[in-house]
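For reference, the structure discussed in these notes is given below.
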Amino acid sequence: MEKKLETKKKYNISVEATLEVIGGKWKCVILCHLTHGKKRTSELKRLMPNITQKMLTQQLRELEEDGIVNRIVYQQVPPKVEYELSEYGKSLESILDALCNWGASHITKIYGDKFSVLEESVLNDKLK
1 MEKKLETKKK
11 YNISVEATLE
21 VIGGKWKCVI
31 LCHLTHGKKR
41 TSELKRLMPN
51 ITQKMLTQQL
61 RELEEDGIVN
71 RIVYQQVPPK
81 VEYELSEYGK
91 SLESILDALC
101 NWGASHITKI
111 YGDKFSVLEE
121 SVLNDKLK
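For the sequence shown, counting from 1, position 95 maps to 95 in full-length UniProt numbering; every step adds exactly one.
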């Protein structure tokens with residue numbers, strides 16, 4: 001779903017456009033989890049216990065609107081909805097990996113042992 005805007009927006013540098021789509025506290029975390037496959041909203045909430053349900057829903061809607069994630073609705077009772085990275089969203093994987101690697105280096109610099117402050121998570125397994 002390609003989004004074309006009628007209004008001509010001006011950016012000082014292109015990174016502003018990137019941050020407009022993936023910026024904020026939660027979007028990159030959501031996207032990192034989705035790099036490991038489809039997730040239901042409840043799974044994402046469990047993986048990110050500090051995010052509110054309202055914020056999770058809002059962030060997922062914005063990512064869907066920007067074409068970064070696909071929302072898959074299964075016609076069944078009870079209803080089932082999953083989210084996955086779209087093909088366009090998958091183009092962010094190298095950026096997300098770079099952010100994770102930089103964050104791990106930063107944590108090591110500040111705290112010494114990164115695993116003393118990183119939660120146990122599949123996302124952190126590749127840092128071992």
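Even for Gly, the Cβ is constructed at its ideal location relative to N, Cα and C.
Between the CA atoms of residue j and residue i - distance to the nearest angstrom
i	j	result
Gly-23	Val-15	10 Å
Trp-102	Pro-79	39 Å
Tyr-111	Val-77	48 Å
Lys-90	Ser-116	30 Å
Glu-120	Ile-13	36 Å
Ala-104	Ile-72	32 Å
Val-81	Tyr-11	35 Å
Contacts around residue i, its chain only, beta-carbon distance under 6 Å, and the 5 residues preceding and following it disregarded
i	result
Met-1	Only weak support exists for where Met-1 lies, its pLDDT of 49 falling under 50; the value from the coordinates is given anyway. Correct list, in chain order: Gly-67.
Lys-9	none
Own chain residues within Cβ distance below 7 Å of residue i, not counting five before or after
i	result
Leu-93	Sequence inspection shows Glu at residue 93; the Leu mentioned does not correspond to that position. So the list reads Thr-35, once near-sequence residues are dropped.
Thr-108	Lys-114
Pair within 7 Å by beta-carbon distance, residue i and residue j
i	j	result
Lys-38	Leu-56	no
Met-48	Val-29	yes
Tyr-83	Leu-60	yes
Leu-96	Leu-19	no
With 16 other Cβ atoms within 10 Å as the buried cut-off, status of residue i
i	result
His-33	buried
Val-69	buried
Ser-42	exposed
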